[in-house]
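Enquirer:
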Amino acid sequence: MSRETIQRYYDAFNAGDIARMVACLSDDFVHDVNEGDRRVGKDAFGSFCAHMSETYKERLTDIVVMVSNDGTRGSAEFTVNGTYLKTDPGLPEARGQTYVLPAGAFFSLKNGLITRVTTYYNLNDWIRQVS
């Protein structure tokens with residue numbers, strides 16, 4: 001079920017369905033992004049996703065999901081194909097620039113739900129692409 005949970009999470013991401021993404025999360029969910037603050041809970045994650053949807057249009061491709069034998073840990077590697085729609089404070093001005101960025105994520109899972117996602121990407125590469 002762990003692999004399916006992670007795949008369902010990314011299918012919801014690509015569909016732009018925040019509610020379906022949140023449905024994959026446990027009540028004690030934690031979200032860590034490199035270069036960013038920790039978010040705790042489904043509400044904080046939903047707010048983050050809403051902001052991201054206004055600011056970026058992204059589709060993930062080349063998704064490869066890996067899961068530990070006991071199903072409590074997982075990871076994914078993927079390519080982010082995006083358009084920068086609205087200037088994010090502290091970042092370069094948005095003018096509809098497109099970008100392609102390799103990224104990855106690590107997951108903790110319990111009872112078929114995601115308890116943690118830690119996402120990594122190269123912020124400097126993204127800044128270079130949109131500048």
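Residue numbers (full-length UniProt numbering): 1 to 131.
Ideal placement from N, C-alpha and C gives every residue a C-beta, glycine not left out.
All values reported here derive from a predicted model rather than from experimental measurement.
Taking the beta carbon of residue 38 as the centre, do at least 16 other beta carbons fall within 10 Å, making it buried, or is it exposed?
Expert: Along the sequence shown, one-based indexing puts residue 38 at 38. The residue in question, residue 38, is exposed, as its Cβ has fewer than 16 Cβ neighbours within 10 Å.
Enquirer: Would residue 30 and residue 95 qualify as a contact pair, given that the criterion is a beta-carbon distance under 7 Å?
Expert: The residue labelled residue 30 in the question sits at position 30 within the sequence shown. The residue labelled residue 95 in the question sits at position 95 within the sequence shown. No, they are not a contact pair.
Enquirer: Grab me the residues of residue 32's own chain with a C-beta within less than 6 Å of its C-beta, minus the 5 sequence neighbours each way, in chain order.
Expert: For the purposes of this step, residue 32 is identified with residue 32 of the sequence shown, where counting begins at 1. Result list for residue 32: 38, 118, in chain order.
Enquirer: So residue 84 and residue 130 are supposed to be a Cβ contact under 8 Å. How far apart are they, rounded?
Expert: Counted from its first residue, the sequence shown places residue 84 at position 84. Counted from its first residue, the sequence shown places residue 130 at position 130. Correct: roughly 5 Å between the Cβ atoms.
Enquirer: What residues in its chain sit with their C-beta under 7 Å from that of residue 86, if we drop five residues either side in the sequence?
Expert: What you label residue 86 is simply residue 86 of the sequence shown in a count that begins at 1. Contacts found: 54, 55, 94.
Enquirer: So, helix, strand or coil for residue 68, using DSSP?
Expert: On the sequence shown, residue 68 is found 68 positions in, with the first residue counted as 1. Note: residue 68 maps to coil in three-state DSSP.
Enquirer: Taking the alpha carbon of residue 91 as the point to measure from, which residue in 127, 25, 12 has its own alpha carbon closest?
Expert: Stepping through the sequence shown from its first residue, residue 91 is reached at position 91. When only C-alpha atoms are compared, the closest one is 127.
Enquirer: Going along the chain, which unbroken runs of the alpha helix (DSSP H) with 4 or more residues stay wholly within the UniProt domain "SnoaL-like" (6 to 117)?
Expert: Listed in chain order, they are 18 to 22, 42 to 55.
Enquirer: In terms of residue numbering, what span does the alpha helix (DSSP H) encompassing residue 124 cover?
Expert: Numbered from its first residue, the sequence shown carries residue 124 at position 124. Note, residue 124: alpha helix (DSSP H), 123 to 130.
Enquirer: Is the beta carbon of residue 1 less than 7 Å from the beta carbon of residue 74?
Expert: Mapped onto the sequence shown, residue 1 falls at position 1. Mapped onto the sequence shown, residue 74 falls at position 74. Not closer than 7 Å, so no.
Enquirer: Can you tell me which of 41, 36, 17, 16 puts its alpha carbon nearest to the alpha carbon of residue 140?
Expert: Absent from the model: residue 140. The displayed extent of the chain is 1 to 131, so no value can be given.
Enquirer: Do residue 104 and the ligand FMN come close, with the Cβ less than 6 Å from some heavy atom?
Expert: No copy of the ligand FMN appears in this structure; indeed no ligand is present at all.
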